[in-house]
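Visitor:
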Amino acid sequence: MTKTYFNDAIIGNSKMLACLTARGELVRLFWPHIDYPQHIEKMASGIFYIGQKNSTSWFNEHDWKHTQYYVEDTNILKTLCENESRGLRVEQTDYV
3 MTKTYFNDAI
13 IGNSKMLACL
23 TARGELVRLF
33 WPHIDYPQHI
43 EKMASGIFYI
53 GQKNSTSWFN
63 EHDWKHTQYY
73 VEDTNILKTL
83 CENESRGLRV
93 EQTDYV
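So for the sequence shown, our numbering puts the first residue at 3; every next one is plus one.
(1) Could you check what DSSP says for residue 27 in three-state terms: helix, strand or coil?
(2) Taking the straight line between their C-alpha atoms, what separation do you get for residue 23 and residue 84?
(3) Out of curiosity, what's the CA-to-CA distance linking residue 13 and residue 51?
(4) Residue 61 and residue 48 - do their beta-carbons sit closer together than 8 Å?
(5) Is the separation between the beta-carbon of residue 94 and that of residue 10 shorter than 8 Å?
(6) Going by the CB atoms, is the gap between residue 15 and residue 73 shorter than 8 Å?
Spelled out as structure tokens, the structure:
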């Protein structure tokens, strides 16, 4: 995947700024101040199935559906990841 120039969500404070995609991938991280150069190219989350070889299922893969929203009156971001074929639903919470 080519890194996007657009951010679907941002979280942060005066010391750190994080930019995420609609799939919950962290694509930019600015620290120790928000005007410093970014420190990350891309970071994705997933699930490893114990007892199965090569069984990591990444939340940014196409078999996952995503819903994303901010907790009311906060900059806390919730990303809901659902994989119907595996019967899994994961809630990812991001905040600074």
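Beta carbons are placed, not taken as given, at the ideal position from N, Cα and C, and that holds for glycine.
Guide: Result, derived from the coordinates:
(1) In this structure, DSSP gives residue 27 a state outside helix and strand, which the three-state scheme calls coil.
(2) Answer to the nearest angstrom: the Cα atoms are 16 Å apart.
(3) If I take the Cα positions, the gap works out to 30 Å.
(4) yes
(5) no
(6) no
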